[in-house]
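These notes concern the structure reproduced below.
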Amino acid sequence: MSQEVQESNFKVGAYPFFKDLRKTEPVYPLSKEDGNTTWIVTQYEDVLSLLKKPSFIKDQSKLFSQQEEDETPLEVKVFQNMMLDVDPPDHRRLRKLVQPHFNPKTIRKLEPRILDIADDLINEMRKKDGPVDLIDDFAFPLPIIVISELLGVPVEDRDKFRQWSNTIVSAADNTQEDFAADINDFIHYLDILFEERQADPREDLISKLLQTREEGDLLSNDELYSMIVLLIIAGHETTVNLIGNGMLALFEHPEELDKLINDLSLTETAVEECLRYYSPVDFSTARWAEEELTLRGRTIKRGDLVLASLSSANRDEKKFDNPDEFDITRKPNSHIAFGYGIHFCLGAPLARLEGKIAFQKLLTAFPHIKLAEKRPEWRNMFLLRGLKQLLIKLNTES
Ligand code: HEM
């Protein structure tokens, strides 16, 4: 398979490609380097079983010799120390520090504030003439305002987070120098913010984590930076795409859109179907094999990298009836858009609440909402799936 074909296959048009792989080569050797293979796994059952296995790990340094800790550049270290990229016991320790702040019960208390934020954004959109970009004007600001307030980072700086975040999720499009410069700017920004919060603590998560860092050995300095970078990025990049991709799926299926407008009590199942149908996260579930495993006749060796495709799993015909059909009343809907196992998305209750509020508020305010472009373009990302923009008309009656 040529490089060109491979790259285009991973963009959003990947669904037919995945369908083919599920049938013909469910454990597919994508490439080989220095004797190790990178595999793509596409069937639901296999993706689930790999994400559950303790022998499929995140920390590559257990398998290959790495640079000495203090030689590691900052832009690499910040990712190595993220909860998302570490294994137990460190993973357990880090997750325990933040879990209480993201439990469904804690998140429910944010509902009135999220409703207000959605109302404010909708009022701003009403003032605009002509088509509106739903991504820029609604899907992006909503989750970034919510996570910024929760963490205690200034909301006015959201465009900076957007740029840094974009650098990270589109890393393949950047030079090493640009990538390093952006990550270093991000860390420098946090340095200043941490100093401010340390001098004048507030009721926010950053102030609480700074206190934890001071109090004992539960959180190192490097881990604190990694945690905040992770929460800012994970806290909005994906939810933008739940709202954007979900609205696109609704526009592509006008009968489902009408059904939802006429009965907003269907929003919860609609959100789940949007997560399944155009899953916002795809390959960021990469794991390294610590032990050899034979799967569907293929031998995955120690040191191989496995890319478990969530969006392929979520369209697996062995798991879902009519998987390519978009059905906002689908039940049961055991999609794995939030992953599975110990790294299951920390922010799932928040993302679900934001998604529900976003669809309900938008469709209540604009029951005649229409797509205003022929072919919305997908962003060029390997790990996530999201749109560059989504131009809509708000009040076209017809
Ligand atoms: C982990 C998806 C929203 C924070 C994950 C994983 C997935 C995912 C698939 C697991 C990755 C893996 O196994 O390697 C999503 C989707 C979202 C969303 C589809 C929105 C629709 C959020 C939000 C937050 C968040 C709003 C805010 C806090 C995290 C964190 C992890 C994570 C911290 C790492 C958990 C761990 O390693 O234990 N997410 N996410 N996510 N997500 Fe989300």
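Residue numbers for the sequence shown follow the UniProt record's numbering, so the first one is 1 and each next one is one higher.
Every residue, glycine too, gets a C-beta built ideally from N, C-alpha and C.
None of these values were measured; they are calculated from a predicted model.
Worksheet item: Is any beta-carbon of chain B found at less than 8 Å from that of K319?
Response: Protein chain content of the structure displayed is limited to a single chain, and chain B is not contained in it.
Worksheet item: Along the chain, which unbroken stretches of the alpha helix (DSSP H) at least 4 residues long are found entirely within the stretch 5-92?
Response: Listed in chain order, they are 14-24, 44-52, 74-80.
Worksheet entry | Terminal residues of the beta strand (DSSP E) in which residue 434 lies | Residue numbering for the chain in the displayed model covers 1 to 398; residue 434 lies beyond these limits and cannot be assessed.
Worksheet item: For I147, which residues from the same chain have a beta carbon less than 7 Å from its beta carbon, with the 5 sequence-adjacent residues on both sides left out?
Response: L231, I232, G235, H236
Worksheet item: Taking 7 Å as the cut-off, does the CB of R113 come closer than this to any heavy atom belonging to ligand 1?
Response: no
Practice prompt. Report the rounded CA-to-CA distance for I183 versus R158, giving the unit in angstroms.
Written response: 15 Å
Worksheet item: Along the chain, where does the beta strand (DSSP E) that runs through K393 open and close?
Response: That run of the beta strand (DSSP E) goes 391-393.
Worksheet item: How many Å lie between P254 and L346 at the Cα?
Response: Going from the Cα of P254 to the Cα of L346 covers about 33 Å.
Item to complete: May I have the straight-line CA-CA distance separating Q6 from L310, to the nearest angstrom?
Response: Note on Q6: pLDDT 48, under 50, position unreliable in the model; no value is reported.
Worksheet entry | T294 - containing beta strand (DSSP E), residue span | 293-295
Fill in: Cα-Cα separation, R202 to E195
12 Å
Worksheet item: Is T238 near ligand 1, judged by its Cβ being under 7 Å from some heavy atom?
Response: yes
Discussion item. Extract the residue ranges of the alpha helix (DSSP H) inside the stretch 192-263, only unbroken runs of 4 or more that lie entirely within it.
Written reply: 205-215, 221-234, 237-252, 254-262
Fill in: Of the residues I122, K62, K356, K301, the one placed nearest W39, counting alpha carbons only
Here the closest residue by C-alpha is K301.
Worksheet item: What residues in its chain sit with their C-beta under 6 Å from that of P26, if we drop five residues either side in the sequence?
Response: T42, Q43, R296
Item to complete: Might you give, ordered along the chain, the residues of its own chain that have their beta carbon closer than 7 Å to the beta carbon of N241, omitting 5 neighbours on each side?
Response: Here the set comprises P280, L384, R385, G386.
Worksheet item: For R330, which option in E272, D217, T238, I117 has the closest C-alpha, if you only look at C-alpha atoms?
Response: Ranking the options by Cα distance to R330, first place goes to E272.
Worksheet item: Just to confirm, does R298 get its C-beta within under 7 Å of one of the non-hydrogen atoms of ligand 1?
Response: no
Worksheet item: Under 8 Å, do I261 and P367 count as touching if we go by C-beta distance?
Response: yes
Fill in: Local Cβ density within 10 Å of N245, reported as buried at 16 or more and exposed below that
buried
Worksheet item: With respect to the beta strand (DSSP E) encompassing R298, which residues constitute its N-terminal and C-terminal limits?
Response: 298-300
Worksheet item: Going by Cα to Cα distance, which pick from Q389, M381, R197 is closest to L371?
Response: Q389
Fill in: Cβ neighbours of E75 in the same chain (closer than 7 Å, five flanking residues each side left out)
F179, A180, I183, N184
Worksheet item: Got a sec: does ligand 3 put a non-hydrogen atom nearer than 7 Å to the Cβ of T38?
Response: Questions concerning ligand 3 fall outside what the structure shown contains, since the ligands it does hold are ligand 1.
Worksheet item: Is it the case that the CB of M83 approaches a heavy atom of ligand 1 more closely than 7 Å?
Response: Checking the Cβ of M83 against ligand 1 gives yes.
Fill in: Alpha-carbon spacing of Q163 relative to N380, whole angstroms
15 Å
Worksheet item: Between which two residues does the beta strand (DSSP E) harbouring R375 extend?
Response: Here R375 belongs to no beta strand (DSSP E), and DSSP marks it neither H nor E.
Worksheet item: In this structure, what does DSSP give as the bridge partners for V281?
Response: Bridge partners of V281 according to DSSP: L384.
Worksheet item: Taking only runs of the alpha helix (DSSP H) that begin and end inside the stretch 153-183, which ones reach a length of at least 4 residues, in chain order?
Response: 158-169
Worksheet item: Name the DSSP bridge partner or partners of N98?
Response: Note that residue 98 corresponds to Val in the displayed sequence, not to Asn. Answer is none; V98 lacks a bridge partner.
Worksheet item: What does a CB cutoff of less than 8 Å around D304 pick up in its chain, not counting 5 residues either side in sequence?
Response: N36, T37, T38, W39, W288, A289
Worksheet item: Hey, would you say the C-beta of R95 is under 7 Å away from at least one heavy atom of ligand 1?
Response: yes
Discussion item. Taking 8 Å as the cut-off, does the stretch 112-129 touch the stretch 198-214 (at least 3 CB pairs, one atom from each stretch)?
Written reply: Verdict: no, contact absent.
Item to complete: Answer yes or no: do A308 and L51 have a C-beta to C-beta separation smaller than 8 Å?
Response: The answer is yes: Cβ separation under 8 Å.
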